[in-house]
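2 protein chains.
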Amino acid sequence: MRIATLGPEGTFSHEAVLKYDNEAEIIFKYTIWDVFDAVKNNEVDKGIVPLENSVSGTIGLTLDSLMHFGLKIIKEIIIPVKHNLAGNSKINELKFLYSHPQTFAQCEKFIRDKLNEIEFIPTSSNAVSAEKLSKAKRKGAGAIVPNPAMKKYKLKCLARDIQDNRFNVTRFAVIDMECAKKTGNDRTSISIYPHMDKPGLLYQLIGEFARRKINLTKIESRPSKGRLGDYIFFIDLQGHKDDKEVKAALKAIEKNFFIQILGSYPREY
Amino acid sequence: MRIATLGPEGTFSHEAVLKYDNEAEIIFKYTIWDVFDAVKNNEVDKGIVPLENSVSGTIGLTLDSLMHFGLKIIKEIIIPVKHNLAGNSKINELKFLYSHPQTFAQCEKFIRDKLNEIEFIPTSSNAVSAEKLSKAKRKGAGAIVPNPAMKKYKLKCLARDIQDNRFNVTRFAVIDMECAKKTGNDRTSISIYPHMDKPGLLYQLIGEFARRKINLTKIESRPSKGRLGDYIFFIDLQGHKDDKEVKAALKAIEKNFFIQILGSYPREY
Chain W
167 MRIATLGPEG
177 TFSHEAVLKY
187 DNEAEIIFKY
197 TIWDVFDAVK
207 NNEVDKGIVP
217 LENSVSGTIG
227 LTLDSLMHFG
237 LKIIKEIIIP
247 VKHNLAGNSK
257 INELKFLYSH
267 PQTFAQCEKF
277 IRDKLNEIEF
287 IPTSSNAVSA
297 EKLSKAKRKG
307 AGAIVPNPAM
317 KKYKLKCLAR
327 DIQDNRFNVT
337 RFAVIDMECA
347 KKTGNDRTSI
357 SIYPHMDKPG
367 LLYQLIGEFA
377 RRKINLTKIE
387 SRPSKGRLGD
397 YIFFIDLQGH
407 KDDKEVKAAL
417 KAIEKNFFIQ
427 ILGSYPREY
Chain Y
167 MRIATLGPEG
177 TFSHEAVLKY
187 DNEAEIIFKY
197 TIWDVFDAVK
207 NNEVDKGIVP
217 LENSVSGTIG
227 LTLDSLMHFG
237 LKIIKEIIIP
247 VKHNLAGNSK
257 INELKFLYSH
267 PQTFAQCEKF
277 IRDKLNEIEF
287 IPTSSNAVSA
297 EKLSKAKRKG
307 AGAIVPNPAM
317 KKYKLKCLAR
327 DIQDNRFNVT
337 RFAVIDMECA
347 KKTGNDRTSI
357 SIYPHMDKPG
367 LLYQLIGEFA
377 RRKINLTKIE
387 SRPSKGRLGD
397 YIFFIDLQGH
407 KDDKEVKAAL
417 KAIEKNFFIQ
427 ILGSYPREY
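Chains as they are written, first to last, in the working numbering: chain W, 167 to 435; chain Y, 167 to 435.
The structure is reproduced here in structure tokens:
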């Protein structure tokens, strides 16, 4: 199987692909958009993209791409986000630090407490941080690097699990042309946009699910990119789009909302 | 007045401060956490931090800091996100491009269409991109830069408004010790965490607002950072925490939820 994901080698996206299918041929792309494009154009069989991080929140570009390309989530993959401090000197002798800015933000507290006055050198990915450290000639070089890239570049670990949040996880989505089949333990992701702005619409919408005992696992309003204050709702619910109760709820909602099904897929938690 | 915000000079945060008070003494900090810290410790009078971008979504670190420090939003400031392509060669002769990774993501379509095979050099801020371009010796250097930094570094503009989305805006929050007074046209931001996991709780919660004709302008569930699938809700509603109906709704909700008021402030849209 050919799978497109965000490169380069050694990123969490790479780890997600290996967890899904460790024999796949992996095609690394530079952007989320390019991953979708590759699936849509049959350059690959599937794509794997980040959907949500428990600390930094939803990845908007993935939601935008799902809506734009009309592709479906067929599986979710949960990857714990664990960062390490690697370096070519002792911790208290580090002078500069390679890090992706988002990774840096996820380790802020550790950096604040342990690495005073260090120069931060931003990189475009965690894998690039690892590569730069491995080639650093000057002493005092450090980098924040996840496990797969630590191994690949044989880096010296100065501190393990330095992310500020023990429960930091990223939820990835496997993307394909059609939704996955029912398994009896599924999740469905939808986007919803009201036909008109009417008070109480959201209440009514959630009522259609509550009445049918359909549990919502995520709800998020995001600017529709029209005028300010105009929102699209993104909802994750328990159940498959072909389940009787889910079908009935979506049918009831259709009266007041444009619905796009972003995927039905087996639940991982 | 002394105001802390994200540096360096020439960022959108800087622009937000100038829009709020163009005579303030500005203290630039490196992280959102440091801005909150400065307000909490009376090093400054106020802080200004990004809260939400219409394309990339909520800034999780700001919500986390609001909850951690117990400080309040006293005003929202809307800043349009406009990026320009600057460079020291013609567009079709650019060889490398300085850009903050998030800025790069916001101009993906333009880059894909117009700048084939260009080398992307990530920077830690838009202001740094501008500075690096201004010092570039080699021809073929480009940078993605917002208006304030274009001026400051006297850069040559190759293309204006290259962001993929015309409606790209960032909502900033002014942070202080206490909520703002009622103006009659206010918004209130709250975080809500259920006492227990019970189906239908969210429906009931939204009902308390709907019944009182309180309009919710934003609703978002975010992982609580405990176990997976455990969520905190962030809600923006129209009205001030001291409004009679808002008070009554919050009181009713308190039976089932821990509520934290993140701020009541004048609405800007």
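All C-beta atoms, glycine included, are put in the ideal place defined by N, C-alpha and C.
Being a predicted model, the structure only gives us computed values, none of them experimental.
Check, Outcome
"Cβ closer than 7 Å: which chain W residues qualify as neighbours of Y/Val-221?", "Gly-226"
"In chain order, what residues of the same chain have a beta carbon less than 7 Å from the beta carbon of W/Tyr-397, not counting five sequence neighbours either side?", "Ser-387, Arg-388, Pro-389, Ser-390"
"Does DSSP put Y/Ile-401 in a helix, in a strand, or in coil?", "strand"
"Quick check on W/Pro-267 - is its C-beta less than 8 Å from some C-beta in chain Y?", "yes"
"Can you list the residues of chain W that Y/Ile-372 reaches, using a CB-CB cut of under 7 Å?", "Leu-368, Tyr-369, Ile-372"
"Could you spell out where the alpha helix (DSSP H) holding Y/Asn-292 opens and where it closes?", "292-301"
"Taking CB distances under 8 Å as the criterion, tell me whether W/Ser-290 reaches chain Y.", "yes"
"Using the Cβ count rule (16 or more neighbours within 10 Å means buried), how would you classify Y/Arg-332?", "exposed"
"When DSSP labels each residue in this structure, what does W/Asn-258 get in the three-state scheme?", "helix"
"Ordered along the chain, which non-local residues of its own chain (more than five positions away) have a Cβ less than 7 Å from that of Y/Phe-286?", "Leu-263, Ser-265, Phe-270"
"With which residues is W/Ala-309 paired in a DSSP beta bridge?", "W/Ala-252, W/Tyr-264"
"Quick check: Y/Glu-411 and Y/Ile-380, are their CB atoms within less than 8 Å of each other?", "yes"
"Quick one: is Y/Trp-386 near chain W, going by C-beta distance under 8 Å?", "What sits at residue 386 of chain Y in the sequence shown is Glu, not Trp. At least one chain W Cβ lies under 8 Å of Y/Glu-386."
"At a Cβ threshold of 8 Å, is Y/Pro-389 touching chain W?", "yes"
"For Y/Ala-418 and chain W, any beta-carbon pair shorter than 8 Å?", "no"
"Taking the beta carbon of W/Arg-326 as the centre, do at least 16 other beta carbons fall within 10 Å, making it buried, or is it exposed?", "exposed"
"Start and end of the beta strand (DSSP E) containing W/Ala-414?", "Taken as a continuous stretch (DSSP letters only), W/Ala-414 belongs to no beta strand (DSSP E), being part of the alpha helix (DSSP H) at 410-419."
"Quick check on the DSSP output: the alpha helix (DSSP H) that includes W/Tyr-369 runs from which residue to which?", "367-377"
"Could you tell me whether any Cβ in chain W is nearer than 8 Å to the Cβ of Y/Leu-324?", "no"
"Looking at chain W, is there any beta carbon in it that lies within less than 8 Å of the beta carbon of Y/Glu-274?", "yes"
"Using a cut-off of 9 Å between C-beta atoms, extract the partners of Y/Phe-286 located in chain W.", "Tyr-196, Ser-290"
"To the nearest angstrom, how far is it from the Cα of Y/Ser-290 to the Cα of W/Ile-214?", "27 Å"
"Less than 8 Å between CB atoms is the rule here; does W/Ala-376 satisfy it with respect to chain Y?", "yes"
"Quick check on Y/Tyr-359: does DSSP put it in helix, strand or coil?", "strand"
"Y/Val-205 and Y/Ile-341: beta carbons closer than 8 Å?", "yes"
"I want to see whether chain W comes within less than 8 Å of Y/Leu-382, judged by CB atoms only; does it?", "yes"
"So, under 8 Å CB-CB, Y/Thr-354 and Y/Leu-403 are touching, yes? Tell me the CB distance rounded to an integer number of Å.", "5 Å"
"How about W/Ala-271: is its C-beta nearer than 8 Å to some C-beta of chain Y?", "yes"
"Where Y/Gln-272 and W/Met-233 are concerned, what is the direct C-alpha to C-alpha distance, given to the nearest angstrom?", "17 Å"
"With DSSP run on the structure shown, which of helix, strand or coil describes W/Arg-433?", "coil"
"So if DSSP puts W/Asp-342 in a beta bridge, which residue, or which two residues, is it bridged to?", "W/Lys-238"
"What three-state label does DSSP hand W/Asp-352 in the structure shown?", "strand"
"Helix, strand or coil for W/Gln-426? Go by DSSP, reduced to three states.", "strand"
"Anyone know if the C-beta pair for Y/Ile-277 and Y/Leu-260 falls short of 8 Å?", "no"
"What did DSSP end up calling Y/Asp-246 once you bin it into helix, strand or coil?", "Reading off the sequence shown, one finds Pro at residue 246 of chain Y, where the question assumed Asp. Here Y/Pro-246 sits in strand by DSSP."
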